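Visitor: So the sequences go chain by chain: Y and P.
Counting in our numbering, the first sequence runs from 1 upward without gaps.
Counting in our numbering, the second sequence runs from 199 upward without gaps.
The beta-carbon is built from N, C-alpha and C at its ideal position, and this holds for glycine as well.
Note that this is a predicted model, so its numbers are computed, not measured.
Take a look at the following structure, please.
Protein chains: 2
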Amino acid sequence: MQTNRLSRETLLPMLAAHVIQHGLGGASLRPLAKAAGTSDRMLIYHFGNKETLISDLLEYVAGIYSAALEAAIEESRPKTRQECFARILTQAREPAMQAFLVLWWEIVAGAARGLPGYKKAADQMMTKQLAWLETQMPQDDPDPAGGARYLMTLMEGTLMLGTVGHARTAREGLLASDLSSENSSDLAGDLAAGGAGD
Amino acid sequence: MQTNRLSRETLLPMLAAHVIQHGLGGASLRPLAKAAGTSDRMLIYHFGNKETLISDLLEYVAGIYSAALEAAIEESRPKTRQECFARILTQAREPAMQAFLVLWWEIVAGAARGLPGYKKAADQMMTKQLAWLETQMPQDDPDPAGGARYLMTLMEGTLMLGTVGHARTAREGLLASDLSSENSSDLAGDLAAGGAGD
DNA sequence: TCCATTATGTAGCGAGTGCTACAATACTTG
DNA sequence: CAAGTATTGTAGCACTCGCTACATAATGGA
């Protein structure tokens, strides 16, 4: 029917869409193939085995993430670290980001277990996010490199606590951080905006 | 041979030991049963089905975690938030804690996916850890509640970055935080001590 | 002791797993 | 067109999955 030949490149986008929506843990060949409009037979043919399929898929997902970050670079810089943090928090809470975040924790878990390909992909994504965050730091920041790493650590902790129902814990913790030392009103508002859980 | 009858209570410790070592993701009935010295048949008999087995198991694991935290309460309080942070970081890096941490990320991933029982267990553990951390804050801290939540957020971010090979990122970020504003020497040393990865 | 309840073993079912053998097609190159 | 290679379909294998039917043993109360 379709003269379009299959290849890793044409398959990966559809496979990625499937795992972003249904997760990596229970991902088996036949459902993956169905989502890509093929058969398990062809997935093995094009990728060799499942392990390299998952590795390639993770690498591709990391690439998607990188592209999304580059598309999200804003020309206007925030004035304070606090405002910078509020921006990335807002970005992480976009609806389109939710499915990706769910997948992210599976990647972290896989990296912790040492599953092949997981740690590399997670490393790539964090490296990219760090580089992106450095470009988004306030212009007059005394230590953009250190500050970006500080905000990144706080952000990841905040996101994790949010997924396990402790968004409130993170929110109150941030109010006790130096991000809220002098001008606390803005951050408090931004933090409360997305605090659905707990 | 053994007059000891099996029950949830006698099974859970052995099941917990197995999942702490081998994870939750690939945990299927027959390996679990083997680790507990029984058959899959009996696991279903005592727990009804696998879903409630996992839920009960997660609850039990959360109980273990709570007990471990209570056993780790030190009578001597740290003098600064920085020292407090260094203590809990050291604790999280104990060898006995590593297997548990690996399991933890699986629990977070399950909570993010909405798997039954995962979010509840994760919530319990974070609540307990927060309460424990409040008891370990410096006596003269101006805001122990907020400070504990702040340190908790930083800690979880630090642990996550560590598992994906970005321990260095977290370390350098903490040096740019208010924890290192005046007296940075101690924290730098403690942070470097466990920085195996990246 | 008899009986009812509880606990355990054996065997297997239907579905799903990753993967392969074999054959058929499509495409490219001579 | 012929030949060879790249791609795809069909069927199936050996295995594991959660779970169940059925029978047997152990236990405890009458």
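#1: Within 8 Å of any Cβ in chain Y, is that where the Cβ of P:Met-199 sits?
#2: If I'm right that P:Gly-345 touches Y:Ala-167 with Cβ under 8 Å, what's the distance once you round it to whole angstroms?
#3: Hey, does P:Lys-326 have any beta-carbon neighbour from chain Y nearer than 8 Å?
#4: I'd like to check one pair, Y:Leu-43 with Y:Leu-53: are the Cβ atoms closer than 8 Å?
#5: Would you mind reading off the limits of the alpha helix (DSSP H) that contains Y:Met-125?
#6: Between Y:Ser-28 and chain P, is the shortest Cβ-Cβ distance under 8 Å, so that the two count as touching?
#7: If you count every other CB in all the chains shown that lies within 10 Å of the CB of P:Gln-200, and 16 or more means buried, which is it?
#8: So, with DSSP's three-state summary, where would you put P:Thr-356?
#9: Which of the residues in the stretch 234 to 267 of chain P, read from start to end, lie with their CB under 8 Å from any CB of chain Y?
#10: Kindly indicate the opening and closing residues of the alpha helix (DSSP H) around Y:Thr-80.
#11: Any beta carbon from chain Y within less than 8 Å of P:Leu-287's own beta carbon?
#12: What number of angstroms, rounded off, separates the C-alpha of P:Pro-342 from the C-alpha of Y:Ser-181?
#13: Which residue from P:Ala-320, P:Ala-297, P:Ala-266, P:Asp-321 puts its Cα closest to that of P:Ala-215?
#14: List, in order along the chain, the chain Y residues whose C-beta lies closer than 9 Å to that of P:Val-300?
#15: Beta-carbon within less than 7 Å of P:Ser-205's beta-carbon, same chain only, minus the 5 sequence neighbours each way: which residues are those?
#16: Could you spell out the range, first to last residue, of the alpha helix (DSSP H) harbouring P:Arg-291?
#17: Quick check: the Cα distance between Y:Leu-205 and Y:Asp-123, rounded to an integer number of angstroms?
#18: Please report how far the alpha carbon of P:Trp-302 lies from the alpha carbon of Y:Arg-5, in whole angstroms.
#19: Taking buried to mean at least 16 other C-beta atoms within 10 Å of its own C-beta, is P:Thr-351 buried or exposed?
#20: If distances are taken between C-alpha atoms only, which option among P:Gly-363, P:Ser-226, P:Phe-283, P:Gln-219 comes closest to P:Glu-332?
#21: Relative to the alpha-carbon of Y:Lys-119, which residue among Y:Arg-93, Y:Asp-140, Y:Ser-76, Y:Val-61 has its alpha-carbon at the smallest distance?
#22: Less than 8 Å between the CB atoms is what I'm expecting for Y:Ala-111 and P:Val-362, so what's the real figure, rounded?
#23: P:Leu-357 and P:Ala-290: beta carbons closer than 8 Å?
#24: Secondary structure at Y:Pro-31, three-state DSSP: helix, strand or coil?
#25: Taking Cβ positions only, does P:Thr-351 come closer than 8 Å to chain Y?
#26: Quick check: the Cα distance between Y:Leu-115 and P:Leu-287, rounded to an integer number of angstroms?
#27: Would you identify the three-state DSSP class for P:Pro-211, choosing helix, strand or coil?
#28: Applying a beta-carbon distance threshold of less than 8 Å, which residues of chain P neighbour Y:Met-160?
#29: Output, in chain order, the set of chain Y residues within a Cβ distance shorter than 7 Å of P:Leu-230.
#30: Among the candidates Y:Lys-79, Y:Ala-36, Y:Ala-67, Y:Lys-50, whose CA atom is the shortest distance from the CA of Y:Gln-139?
#31: Shorter than 8 Å from the beta carbon of Y:Trp-105 to some beta carbon of chain P?
Guide: Let's see:
#1: Bear in mind that the predicted position of P:Met-199 carries a pLDDT of just 39, short of 50, making it too unreliable to give a figure here.
#2: That pair is no contact at about 18 Å.
#3: no
#4: yes
#5: 118 to 135
#6: no
#7: The predicted model places P:Gln-200 with a pLDDT of 40, which falls under 50 and marks its position as unreliable; any figure quoted below should be read in that light. Answer is exposed; the Cβ neighbour count stays below 16.
#8: helix
#9: none
#10: Unbroken run through Y:Thr-80: none, as it is neither H nor E.
#11: no
#12: 15 Å
#13: P:Ala-297
#14: Ala-109, Ala-112, Arg-113, Gly-114
#15: His-244
#16: Careful: P:Arg-291 lies outside any alpha helix (DSSP H) and carries neither H nor E.
#17: No information on residue 205 of chain Y is available, as it lies outside the stretch 1 to 198 that chain Y covers here.
#18: 42 Å
#19: buried
#20: P:Phe-283
#21: Y:Val-61
#22: 5 Å
#23: yes
#24: helix
#25: yes
#26: 25 Å
#27: helix
#28: Val-306, Glu-354, Gly-355, Met-358
#29: Simply none; closest approach about 17 Å.
#30: Y:Lys-79
#31: yes
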